[in-house]
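Residue numbers (the working numbering): 485 to 1509.
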Amino acid sequence: MEFYKQRKFNCQITGHSGLTFFEAIESERAGAAEVDQAFPEALKGPVLRRVQFQTVSRIDSLVDQIYDEFKTDYHPGEAVTVIMSDAERRHGIVRDKTRYGSKVLPDGTLTPPYTRYIVGLDGRRGDEAVLEESNIYRDRKVFTKSVLRSFIKKTVSREAWNGAPWLVKSDVAEQYHIDTRVPSNLLYNTKIMERKQLQAQKRQSQNHSDFSTLLNSSPSSPDAGGGLRLPELKPVKSHKAKHIQLAQQQRQQLSQEKNQLKINGSSKPRHNGFSHHPEAGQFQYLPLPNSPFKFSLSMRNQTLTPPGHNVTQAPVQPPPPPPPPPRYPIEDLQLEPSRSTRPALRFLCNDPPVQADQKGQKARLPVSEKILMKTVGPLLETWDTLNVYCEIFKLDSFTFDDFIETLHSASDDEPVQLFDEIHCSVLKTLVHSEADGGAVQIHLPDVEGEDDEEDKEGEEEEEEEEEPEPEPAPRATRATRSSLAKVEAERLAAEAAAAEKEAEEEEAAAVHSAEAALEDYDWIDELRKRNFKEGGWQLILVGLLYQLSKDERRQAVCEELLAQIVPPNVEATKETVREHYSALDINYRVQVLQIICMLTMETKAVRGYMEDCSEQMTKYRKEKIEWQRSRKQAVEDLKVLNEQRKILLPDNMPPSPPQEATKLDDVKMTDAEDLSHAGDDDSDDSGAPPVTARGRSLRRADDRAAERKRKIEEEIERKKEAEAAAKMPKQSKQFIKLLRDIEKKEEEIKECEDEIATLDNDLREADCPRTRVLGKDRFWNRYYWFERNGMPYGGLPTSSTAEAGYANGCIWVQGPDELEREGYIDMPEQYQKEYKAKFNMTVPERKKLEEGATSISNATQWGYFSEPKELDDLINWLDSRGFNEMKLRKELVSFREKIATHMQNRKKYLSLPDEEEASDDKEKEKGDEDKDKEMAVEHPVTNGTSKGTSKRKSTRAVKAAPTPDPTPTILRCTQWTNGMALEDLGHLHSEPPPPARSRKQSRKKEAAPEEEPPRKKTRQGTARR
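See below:
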């Protein structure tokens, strides 16, 4: 359906472009009606007969040709205006026409042809006039080129190949009795064969032109005895063209002789001028001794038909050409079936459409055992809405896994701040507070009350007064048993219907007790006051659902939810409502959140946020265009600088270093060498330092030798640099400046690219009106990555759970909708048979084969991928030759690194506590080992083992770890806190606002030194410089 909504269709009648499919259809229908009404009916048949089988390629040329032929030609039944002999203008209708040809005058000249028309004049019965075309004309607006063009485009079609004829549409041709049988010379196959034959003749003429030139270039001399002589050397161009023309004339003459023989009926044709045949069917080449005529090689020893046997052989038709190779991309299901299978989907529910394998079952989250498949879609929709519009709700972003855990585990025994904050923040968006006026931001259905009933009664009384007096009753007739029985039956039926209606009303009222709970409770007023504590927001929610149940579209859902929150057999109070909502199933909680989140889309706050984001996106696009222009200019400047660098490079090439005669290691250093040898000899001793003859210790002899060696190396390097600097060419300064300019341009280009990437990210985050789909596969399944647009990749960077590093972390797959499934998968039996004849399987069989065991069949079914390997397998499974999968694969490859990183972060976040404890134990053991090593270094072991070292032996690794005390499991979602509300409002949504401070406290606060203002919270990438 998205394809038909794209604005890339044209109206064939008016030529308007940029329309959707449905707008183009409506435009063509309206244009067709106007053309039928405007174009003369008498001209339709003749014009269509003239257009039929025309081969003019351009429609403009065809319109000009038809218009020139018909602008002075009139047909019976056409309304015209005539000029009488007395110059009077009268209207009439052409009754008949007679065409007269040219006449030869005595002097030999020809008179032009003309036509006479019999026109019936209006106004007088039987009044007619005989006129020529010069005295007749049409109304200017009746027959114009624009009207003719629209009529031809409406009634005629043409195939998309060169030389294709214009064909009248079948229904129009049947209406005007026009022959639709296409001549054989205008068929596509015939055109192709003609072109191939022409090409073959050209090739054959080129191949034989050389032989004919050699044979017929000069006559044989008598002395040669009829032998072949080499041609004289002449200009190649004229020589070749002359003999080619001569050979063509000979072939044309032979073909004319054969046609003439066939026409005359001669049974004994003379082949090539010879009447004798030595052998049946064999032509013998006998050159005359003095004849200059010589047959070409192609005509010698040619098999001919014997005399008296004029048998015509059927031309051998060449085999049909192979079909042209397909031009990709094409429709996905028109590609040959693949042997690969899509990676297995995972399901977040306890009722998957198919039974997954054991591996998939183990990989499912524990909370999925209580989620139904029909809840997965609303669950994703609600989470996405709360995170995309978190700035409107003043909610810190949170991960999808924390959201599921919150809805599953939140209760009175385990309160979760995220659970209360979500409900309270969304409810506050529906109704303003008292300080802001308390206006209701959504449209609510009216609740029927006593006032409404009184108004209805008053209206009914007024209607009864206005009604006319009834007619007098007819005279009473005699009552019979049958009439009395009929009246009694009608009375009993009316009583039964009334009793049934009352029973239904009582049954509906007994479904829930919301009306009793809201008897003395105004939920809108309580919402204005923000009374959310101690079951307040739960009771407000009951009031909202009860009022929404008056709408027919939401009645069934709201009554089902109210039956769970306020059951009829329990007294409805704040405490009982809070207890029942605390024990509510996760599927019902998701339905409640979906309803109230959908209501927020009607509020001015959300609408205004969308408009602001749209304006911001326009600003970002303009900035991006400016940066792209700057980058383009910088790239052009860099290209010029690189050209200059190429020019200056040969003169600024560094000289090649000369080969050194001796290496650095060959330098003779007597003292250092002696000292090093002495050190090596003494190193074999028991660690004692070297001693000289006088007994002086030389412990630092090796260090001094190394120092002297290092100084010599530095001196040599310094000399080399000085020599290189002295040998630098004269233009080195200019070249160095050029290199610096190139480096600056490269930095400028990099800065532009960074800014463009930042603006792209800002555009992605500001694109919040709808969730962008990654694409569709060959079976029309939709693929979503909810971080694709409308939010930062990992959620708000200032969120309390920002260290998780992901928001959703999965690729979600939704099944095809009803129209796509019926149109592309569950096709009618006729199309399934055609598909099976082509691919040896039907589309449902192919879907089952290529999707594997985890297949989804409709839009209410969802699956997901959560591993990077599954993502890579999915990319490999997609075929880029199809329209759908080409776009999907491009998106997946573009975001592959981000998606894989978020999948890894999600996996790490969900198993974070166990891994942290293991890493803490490893670090503790490593620290103990390091301490033992340090103590061993401080107290080294010499000849024997000392007492101190034996006492300091570490035994920490030997000790058993103490048994940890059993502690209750802490929910991961309890780590979330609403920092945005605390920063902007000073309190949580579920808590009442703090009391206003006194003037003394405010003055003290003003007198106090100003502290550093808190850091302003912004989305990742939205802060502009």
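We treat Cβ as the ideally placed atom computed from N, Cα and C, and that holds for glycine.
Could you please give me the residues that DSSP links to residue 599 through a beta bridge? 583
| In its own chain, which residues sit with a C-beta less than 6 Å from the C-beta of residue 1273, not counting the 5 before and 5 after it? | 1248, 1251, 1256
Are the beta-carbon atoms belonging to residue 537 and residue 650 less than 9 Å from one another? yes
key: Same chain, Cβ closer than 7 Å to residue 1000, neighbours up to 5 away in sequence not counted   = 1056
- Query: Hey, is the region 1108 to 1127 in contact with the region 878 to 892, meaning 3+ C-beta pairs nearer than 8 Å?
  - Reply: no
If we ignore side chains and look at the alpha-carbon of each, how far apart do residue 1376 and residue 1243 end up?
21 Å
| message | What does the Cβ neighbour count give for residue 1454, buried or exposed, with the cut at 16 atoms within 10 Å? | response | exposed
Handout entry: Per-residue burial, residue 501 [other beta carbons within 10 Å of its own, 16 or more giving buried]
Key = exposed
#### Entry: Range of the contiguous beta strand (DSSP E) that encloses residue 1393
Residue 1393 -> not in any beta strand (DSSP E); alpha helix (DSSP H) instead, spanning 1380 to 1394.
Can you tell me which of 819, 1233, 1068, 928 puts its alpha carbon nearest to the alpha carbon of residue 1514?
Outside the shown range of the chain (485 to 1509) lies residue 1514, about which nothing can therefore be said.
Inset, instruction - Could you name the residues that DSSP lists as bridge partners for residue 563? - result: 577
With a threshold of 7 Å on Cβ separation, who are the neighbours of residue 1292 within its own chain once the five nearest residues in sequence on each side are excluded?
884, 1270, 1271
Counting pairs of beta carbons, one from the region 1063 to 1080 and one from the region 1220 to 1231, are three or more of them closer than 8 Å?
-> no
Beta-carbon proximity of residue 864 to residue 910, cut-off 9 Å: no
Residues near residue 1118 in its chain [Cβ-Cβ closer than 7 Å; skip 5 each side]: 1229, 1232, 1233, 1236
I'd like to confirm the pairing. Which residues does DSSP put opposite residue 613 in its beta bridges?
603
task: Name the two residues that bound the continuous beta strand (DSSP E) containing residue 1295.
output: 1295 to 1298
Review point. When you compare only the Cα positions, how much space is there between residue 918 and residue 859?
Key: 36 Å
Less than 9 Å between the beta carbons of residue 926 and residue 914, yes or no? yes
Can you have a look at residue 510 and say buried or exposed, based on whether 16 or more other CB atoms are within 10 angstroms of its CB?
-> exposed
- Task: With DSSP as the reference, please indicate the residues paired to residue 915 in a beta bridge.
- Result: 924
With respect to the alpha helix (DSSP H) encompassing residue 1072, which residues constitute its N-terminal and C-terminal limits?
1070 to 1084
Residue 1020 vs residue 1006 beta-carbon contact at 9 Å:
no
### Query
If you drop the 5 nearest sequence neighbours on each side, which residues of the same chain put their C-beta closer than 6 Å to that of residue 1266?
1257, 1260, 1298
query = What distance in whole Å lies between the Cβ atoms of residue 647 and residue 539, which are believed to be in contact at a cut-off of 8 Å?
reply = 6 Å
- [ ] Let me know if residue 598 comes out buried or exposed under the rule of 16 or more other beta-carbons within 10 Å of its beta-carbon.
- [x] exposed
Quiz item: Thinking C-alpha only, which one of 1331, 1101, 1276, 832 is nearest residue 1300?
Solution: 1331
Review point. Should residue 578 go down as buried or exposed, given a rule of 16 or more other Cβ atoms within 10 Å for buried?
Key: buried
Worksheet entry | Residue environment, residue 1460, which counts as buried when at least 16 other CB atoms sit within 10 Å | buried
Cα-Cα separation, residue 901 to residue 1458 = 7 Å
TODO: Give the single residue among 1100, 1365, 521, 912 whose Cα lies nearest to the Cα of residue 1012.
DONE: 912
Measuring alpha carbon to alpha carbon, tell me which of 833, 873, 1096, 1365 ends up nearest residue 854.
833
Buried or exposed for residue 508, going by 16 or more other Cβ atoms inside 10 Å? buried
| message | Am I right that residue 1081 and residue 1473 are in contact with their C-beta atoms under 8 Å? What's the rounded C-beta distance? | response | Going by Cβ atoms, the distance from residue 1081 to residue 1473 rounds to 15 Å, so no, they are not a contact pair.
Note to self: I need the boundaries of the beta strand (DSSP E) containing residue 449, first residue and last residue.
What the structure shows: No information on residue 449 is available, as it lies outside the stretch 485 to 1509 that the chain covers here.
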